[in-house]
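See below for the structure under consideration.
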Amino acid sequence: MSTTGTTLVIGATGTTGSRTVAQLTAAGHRVKAAGRRATPVADAEPVRFDWYSPATHAAALDGVDRVYLVPPLGDSDPAATMLPFLRQARTAGVHRAVLLSSSAIPEGGPAVGTVHRALPGLFAQWAVLRPSWFMQNFTGTHAHARSIRDEGSIWTATESGRVGFIDAEDIAAVAVRALTDEQAPNTDLLLTGPEALGYDDIAAIVTEVTGRPVVHRRLSYEQMRDRLTTQVPVEFAALLAGMDRAIAAGAEDRITDTVLRLTGRPPRTFRALLESETRSGS
Numbered sequence: 014m015s016t017t018g019t020t021l022v023i024g025a026t027g028t029t030g031s032r033t034v035a036q037l038t039a040a041g042h043r044v045k046a047a048g049r050r051a052t053p054v055a056d057a058e059p060v061r062f063d064w065y066s067p068a069t070h071a072a073a074l075d076g077v078d079r080v081y082l083v084p085p086l087g088d089s090d091p092a093a094t095m096l097p098f099l100r101q102a103r104t105a106g107v108h109r110a111v112l113l114s115s116s117a118i119p120e121g122g123p124a125v126g127t128v129h130r131a132l133p134g135l136f137a138q139w140a141v142l143r144p145s146w147f148m149q150n151f152t153g154t155h156a157h158a159r160s161i162r163d164e165g166s167i168w169t170a171t172e173s174g175r176v177g178f179i180d181a182e183d184i185a186a187v188a189v190r191a192l193t194d195e196q197a198p199n200t201d202l203l204l205t206g207p208e209a210l211g212y213d214d215i216a217a218i219v220t221e222v223t224g225r226p227v228v229h230r231r232l233s234y235e236q237m238r239d240r241l242t243t244q245v246p247v248e249f250a251a252l253l254a255g256m257d258r259a260i261a262a263g264a265e266d267r268i269t270d271t272v273l274r275l276t277g278r279p280p281r282t283f284r285a286l287l288e289s290e291t292r293s294g295s
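Just so we're aligned: the sequence shown equals residues 14 to 295 in the numbering used here.
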């Protein structure tokens, strides 16, 4: 693995960004931890960064040769903001970019799919991480986690569709390899956990592990869209509800060996994650 260079991690306090920073610094790599408030992060250099404030971009890119890109949250057209930054990054000396996308969004697809399509033309070394849904959606501050805690319910329009839920630690482990291996992947990487689970299965596992009764409440696409509109912009709510509808049709019912192949260890199961977080009081 390469030990030279400095990595800019955008979204350094977020779900995958924080774990990517921790794993990079633990392996001895230099990191600039970027966020809107330049929050101090152990063993990294904090730097202020706001996608919508171009005045913050030059300082964040100073001395950086690789970057981990977390798109602006809830933006249905992130390319308008991200592509000018990426062109600036290339001019500033960045030669490798790793983009966080989604298993539900192909190259050239909506939202970050446009950035995915542009990335190989901007950088000779690149990767696009396309993880399935995060296991942490059920344990952190996500709407699912809140409704589990507050109501004992998970609300979706996924019907009986299954998803290869993935631990964010496994996403970060792949990100680290993509950022620091001698040769970049130069492809998109579909990332899943070791098993495909329906939301009924998730509710049952949460109930068994925590002892708190949890049920999966099934909504129509329209009901899910309207529920999400109270939390995010209407265009993004429609996009998210549409992803639920795609899950119901089987779009996410798959598992891959990418985590094992790139990191040398199998991805963690949802039950193992939940047991670990329950023991630690998370």
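Note that beta-carbon positions come from the ideal geometry of N, C-alpha and C, so glycine has one too.
As the structure is a prediction and not an experimental result, all values here were calculated from the model.
Extent of the continuous beta strand (DSSP E) run through residue i
i    : result
R292 : R292 -> not in any beta strand (DSSP E); alpha helix (DSSP H) instead, spanning 283-293.
G48  : 43-48
T193 : Not the beta strand (DSSP E): T193 falls in the alpha helix (DSSP H), residues 181-193.
A71  : Looking at the DSSP string, A71 is not in any beta strand (DSSP E); the run it does join, the alpha helix (DSSP H), is 70-74.
Residue i classed as buried or exposed, judged by whether at least 16 other C-beta atoms fall within 10 angstroms
i    : result
L275 : buried
R79  : buried
R225 : exposed
V125 : buried
A93  : exposed
S31  : buried
A254 : buried
T16  : Unreliable positioning characterises T16 in this predicted model, as indicated by a pLDDT of 48, which lies under 50. The coordinate reading is nonetheless provided below. Exposed, because fewer than 16 other Cβ atoms sit within 10 Å of the Cβ of T16.
V247 : exposed
A35  : buried
T33  : buried
A57  : buried
Q138 : buried
T104 : exposed
S293 : exposed
E195 : exposed
S66  : exposed
H42  : buried
Closest by C-alpha distance to residue i, when choosing among the options
i    : options                : result
H70  : V107, V34, A181        : V107
D163 : S173, L37, F151        : F151
V111 : M95, A117, P123        : M95
A181 : P207, M148, L210, P198 : M148
A262 : T291, I268, G174, S160 : G174
V44  : E208, A285, P59, T282  : P59
A191 : Q244, V141, A170       : V141
T220 : Q36, L82, E288, L86    : E288
S116 : R278, L135, T291, M256 : M256
G18  : L74, Y65, W64          : L74
A39  : T127, Q236, G24, T193  : T193
P302 : T28, F136, T20, L286   : The requested residue 302 is not part of the displayed model; the chain covers only 14 to 295.
S166 : N199, G121, I218, V227 : V227
L232 : E290, T200, P84, E172  : E172
I218 : G122, F283, D88, G76   : F283
A156 : Q101, R240, D213       : R240
For residue i, three-class secondary structure by DSSP
i    : result
T26  : coil
H155 : coil
D214 : helix
R267 : coil
Q138 : strand
M14  : Annotation note: pLDDT 40 at M14 (below 50); position unreliable, no value reported.
H229 : strand
F147 : strand
Y65  : coil
R258 : helix
I167 : strand
E82  : In the sequence under discussion, the amino acid at residue 82 is Leu, which differs from the Glu named in the question. L82 falls in the strand class under three-state DSSP.
D201 : strand
E120 : coil
V245 : coil
V111 : strand
R162 : helix
T5   : The chain is shown from 14 up to 295; residue 5 falls before or after that span and cannot be answered.
V272 : helix
R175 : strand
V34  : helix
E221 : helix
E58  : strand
Start and end residues, alpha helix (DSSP H) containing residue i
i    : result
H129 : 126-135
A102 : 92-105
8 angstroms Cβ cutoff, residue i in contact with chain B
i    : result
L252 : Here chain B cannot be found, since the structure has a single protein chain.
Original post:
Are the region 184-192 and the region 116-131 touching by the rule of at least three beta carbon pairs closer than 8 angstroms?
Top reply: Contact fails between the region 184-192 and the region 116-131, because fewer than three Cβ pairs, one in each stretch, are under 8 angstroms apart.
Original post:
Within the chosen definition, does the region 202-212 reach the region 266-280 through at least 3 CB pairs nearer than 8 angstroms?
Top reply: Enough Cβ pairs lie closer than 8 angstroms, so yes.
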